[in-house]
Amino acid sequence: MHNLSKDLSLSAVVAGLIAVIISYAGPLIIVFQAAREAHMPDDQVSSWIWAISIGSGLTGLLLSWRLKVPVITAWSTPGAALLVSMLPTVSLPQAIGAYIVAALIIAVLGLSGAFDKLMARLPKAIAAAMLAGILFRFGAGLFTSLSLQPVLVLAMLTTYLLGKRWSPRYAIPAVLLVGCCVAAALGEFNLGAITLAVAEPIFIAPQWDWQAIVNIGLPLALVTLTGQYVPGMAVMRSAGYATPARSIVSWTAITSALLAPFGAHGINLAAITAAICTGREAHEEPNKRYIAGIACGLFYLLMGVFGATLASVFAALPRELIAALAGLALFGAISSGLSGAMADDQQREAALITFLVTASGMSFLGLAAAFWGLIFGLVAYFVLGHTRHTPALAQATPSR
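First residue of the sequence shown: -11, per my numbering; consecutive thereafter.
In structure tokens, the structure reads:
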């Protein structure tokens, strides 16, 4: 406790706060969009927010304190993007069962030490293309919303471009602020629907359905591994932290499994927000930046308690604002996915097939596009003869 008070700094606490604000201003939008598509009642949405917030807070706080490095955890953004199209096709108990399977797969990989080996064998371009294909509809949704709310969407797009030009870190929070102001001016912001309430977790017993496991569980595990854990560990390595992946991957995955019955679809390492807390903005001395991870965890816990209030705020926003904000928040992830998919000439055609199949939204034999995108891409990869060299470590940068 003495060392904690000695290492405490305002800059680290502020870095943790900024990381949380960016998470709720951007990636949480995808969760609300998935909930809307599945027509989930407000109390279940509130429980979902509670679960992912509490899970992110506890794992980040405890791992940062125990390891004395800034471990920033969050919910799976590409996983939530996958659920936008998949949640309406299954019952919530079946989805919960798939969440648990995904979490257990990741936990086994973490505990066994097979995480790095698996990522080294998965072709980088295939992983990036599948992630880009899952996220593609969100980028396109920004422009389909333009015809419905041109003033609102154009104001948000303009704010995003100016924000990326002058202050990239605060671009998405600025977009959310401007979007809310314009929506209110247009009479599209239902302020009367906002209520101040504490979240009440709801336990949902899982059901085990093989189609839900294949369509949701397996792709969820894969996109979380490639889209969150790999770049998250890369951020920590680039900041000089050589912490083994085993404890971080296994503990976040176990937490995901425990909180899945309350709605958590996945707790994992963050990347972009992690860069805020692992960089010099948090503290000049690397060995004191773990305070940012602890602060980030505490702020997540606070937000989780008021999950019901957050649910009512986002429910009051117009659908077009949610769609536009989701698309803008995922621009960076889509760009990184496409860049990674097309970077290697020898993997490019297989990656293109993966991207097209995944982005198509097709369904065949009861199995969804993300699964078939991976299968067709890997088949093309091997048929085209790219087996003589070991692919580089798969990396795909998520929205945070």
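Idealized CB from N, CA, C, for every residue including glycine.
Residue environment, residue i, which counts as buried when at least 16 other CB atoms sit within 10 Å
i	result
residue 384	Annotation note: pLDDT 47 at residue 384 (below 50); position unreliable, no value reported.
residue 33	buried
residue 276	buried
residue 254	buried
residue 348	exposed
residue 35	buried
residue 189	buried
residue 125	buried
residue 203	buried
residue 367	exposed
residue 363	exposed
residue 142	exposed
residue 371	exposed
residue 261	buried
DSSP beta-bridge partners of residue i
i	result
residue 257	61
Cα-Cα separation between residue i and residue j, rounded to whole angstroms
i	j	result
residue 346	residue 338	12 Å
residue 227	residue 267	7 Å
residue 284	residue 310	25 Å
residue 306	residue -4	41 Å
residue 215	residue 169	32 Å
residue 200	residue 359	11 Å
residue 67	residue 139	31 Å
residue 38	residue 369	41 Å
residue 257	residue 136	36 Å
residue 102	residue 212	15 Å
residue 187	residue 295	5 Å
residue 197	residue 251	17 Å
residue 290	residue 97	31 Å
residue 381	residue -7	Any reading at residue 381 needs caution, since the residue's pLDDT is 46, under 50, leaving its predicted position unreliable; the model's value is listed next. Cα-Cα distance, rounded: 39 Å.
residue 90	residue 209	5 Å
residue 86	residue 205	4 Å
residue 73	residue 55	37 Å
residue -1	residue 147	27 Å
residue 297	residue 365	42 Å
residue 105	residue 182	48 Å
Uninterrupted beta strand (DSSP E) stretches inside the stretch 183 to 240 (no shorter than 3 residues): DSSP runs (the beta strand (DSSP E)) wholly in the stretch 183 to 240: none.
At least three beta-carbon pairs within less than 8 Å, the stretch 326 to 343 to the stretch 110 to 117: Contact holds between the stretch 326 to 343 and the stretch 110 to 117, because three or more Cβ pairs, one in each stretch, are under 8 Å apart.
Contact between the stretch 37 to 54 and the stretch 236 to 243 (3+ Cβ pairs under 8 Å): The stretch 37 to 54 is in contact with the stretch 236 to 243.
Stretch pair the stretch 22 to 30 + the stretch 2 to 10: three plus CB contacts closer than 8 Å: The answer is no - the stretch 2 to 10 does not touch the stretch 22 to 30, with fewer than three Cβ pairs under 8 Å.
Contiguous alpha helix (DSSP H) assignments of at least 4 residues, all confined to the stretch 60 to 128: Counting only runs of 4 or more residues that sit fully inside the stretch 60 to 128, the alpha helix (DSSP H) segments are 65 to 74, 80 to 100, 103 to 109, in chain order.
Complete alpha helix (DSSP H) runs within the stretch -4 to 51 (minimum length 4 residues, chain order): Counting whole runs of 4 or more residues, the stretch -4 to 51 contains the alpha helix (DSSP H) stretches -2 to 13, 15 to 25.
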